[in-house]
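Report on one structure; see the data block that follows.
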Amino acid sequence: MLWASGDMVQRSSDPPQTPWSDERYSPATFPRIASMRLLSSLLPFTIDIFAREPEIGVTCEDLIDGISDFMRKRSDQADYDRLSAARRRIVSQAYRYNRSQPGEALGDGLRRIDFLGSETMFGGIRENSEAVKKICGEVLPHTWILDCTTRYPMTREEIAAQEERGHERRGTK
Numbered sequence: 030m031l032w033a034s035g036d037m038v039q040r041s042s043d044p045p046q047t048p049w050s051d052e053r054y055s056p057a058t059f060p061r062i063a064s065m066r067l068l069s070s071l072l073p074f075t076i077d078i079f080a081r082e083p084e085i086g087v088t089c090e091d092l093i094d095g096i097s098d099f100m101r102k103r104s105d106q107a108d109y110d111r112l113s114a115a116r117r118r119i120v121s122q123a124y125r126y127n128r129s130q131p132g133e134a135l136g137d138g139l140r141r142i143d144f145l146g147s148e149t150m151f152g153g154i155r156e157n158s159e160a161v162k163k164i165c166g167e168v169l170p171h172t173w174i175l176d177c178t179t180r181y182p183m184t185r186e187e188i189a190a191q192e193e194r195g196h197e198r199r200g201t202k
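Rendered as structure tokens:
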């Protein structure tokens with residue numbers, strides 16, 4: 030799943046023409062839970078996700094929307110200053126890249142997504158008690174690891190498919 034545009038979100042196991050919306054209201058976990066926390070080695074902060082409807086639990090939509098909303102928020106200088114010099118270079122490069130894209134809606138200021146560097150493709154979430162303990166000092170309930178992978182430039186076919194979906198949604202074709 031990709032962060033960059035909502036119409037490109039889909040499970041990697043689905044055929045390219047299958048919209049993710051078919052499963053967006055499915056529970057993100059079993060058993061169902063009302064909230065969850067995500068950790069990533071790429072981020073100096075945690076992501077808290079809450080179910081829109083606690084009796085249903087966190088859905089796939091809650092998860093993806095929660096991550097997306099979190100990543101678009103501004104970050105402050107203190108978060109950046111806590112990084113190693115090497116990581117600050119990566120974040121700075123991502124900041125410049127993310128603001129150079131045509132039609133980019135991020136605006137000025139460092140955003141949390143910049144901390145991902147080039148690893149902005151959703152790689153899934155997974156339980157990993159040892160990683161949680163390493164990051165937090167103890168195992169915490171309802172805490173998962175957020176995996177992100179490198180987002181490569183889209184192929185011509187992917188660009189054409191994305192444009193086609195946009196035309197269909199707008200009724201301009």
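Residue numbers for the sequence shown follow the working numbering, beginning at 30 and rising by one. Ideal placement from N, C-alpha and C gives every residue a C-beta, glycine not left out. Computed from a predicted model, the values in this text were never measured in an experiment.
Quiz item: Buried or exposed: which applies to phenylalanine 59, given that a residue is buried once 16 or more other Cβ atoms fall within 10 Å of its Cβ?
Solution: The residue is exposed, with fewer than 16 neighbouring Cβ atoms inside 10 Å.
Quiz item: Looking at C-alpha atoms only, which residue of Met65, Arg53, Ser55 is the closest neighbour of tryptophan 173?
Solution: Taking only the C-alpha atoms, the option nearest tryptophan 173 is Met65.
Self-check item: Of the residues Ala80, Leu145, Ser129, the one placed nearest arginine 61, counting alpha carbons only
Solution: Between arginine 61 and the set Ala80, Leu145, Ser129, the nearest pair of CA atoms involves Ala80.
Exercise. Check the C-beta distance from tyrosine 124 over to glutamate 90 and give it rounded, since I have them as a contact under 8 Å.
Key: In this structure tyrosine 124 is not in contact with glutamate 90, their Cβ atoms being roughly 28 Å apart against a cut-off of 8 Å.
Exercise. Could you tell me whether the Cβ atoms of serine 104 and aspartate 143 are closer together than 9 Å?
Key: Their beta carbons are under 9 Å apart, which means serine 104 touches aspartate 143 by this criterion.
Quiz prompt | Residues that threonine 172 bridges to, as DSSP identifies them | solution = According to the DSSP secondary-structure assignment, threonine 172 is paired through a beta bridge with Arg66.
Quiz item: Buried or exposed: where does serine 69 fall if 16 or more other Cβ atoms within 10 Å of its Cβ makes it buried?
Solution: Of the other Cβ atoms in all chains shown, 16 or more fall within 10 Å of the Cβ of serine 69; this residue is therefore buried.
Practice problem: Return the chain-ordered list of same chain residues with a C-beta closer than 7 Å to the C-beta of phenylalanine 99, the five sequence neighbours on each side being excluded. | Solution: Answer for phenylalanine 99: Ile76, Arg141, listed in chain order.
Quiz item: So what does proline 56 bridge to, in DSSP terms?
Solution: In the DSSP assignment, proline 56 is bridged to Thr88.
Quiz item: Which partner residues of aspartate 137 appear in the DSSP bridge assignment?
Solution: Note: aspartate 137 sits in no beta bridge, so no partner.
Practice problem: Locate the alpha helix (DSSP H) running through arginine 117, then write down its first and last residues. | Solution: That run of the alpha helix (DSSP H) goes 114–129.
Self-check item: Reference proline 83; option with closest CA among Leu175, Pro73, Pro56, Asp108
Solution: Selection Leu175, Pro73, Pro56, Asp108 evaluated against proline 83 yields Pro56 as nearest (Cα-Cα).
Quiz item: Taking the alpha helix (DSSP H) that aspartate 51 falls in, what are its first and last residues?
Solution: Aspartate 51 -> no alpha helix (DSSP H), and no H or E assigned at all.
Quiz item: Looking only at DSSP bridge pairs, what is phenylalanine 79 linked to?
Solution: Answer is Ser64, bridged to phenylalanine 79.
Quiz prompt | glutamate 159: first and last residue of the uninterrupted alpha helix (DSSP H) it sits in | solution = 158–165 is the span of the alpha helix (DSSP H), which, as asked, contains glutamate 159.
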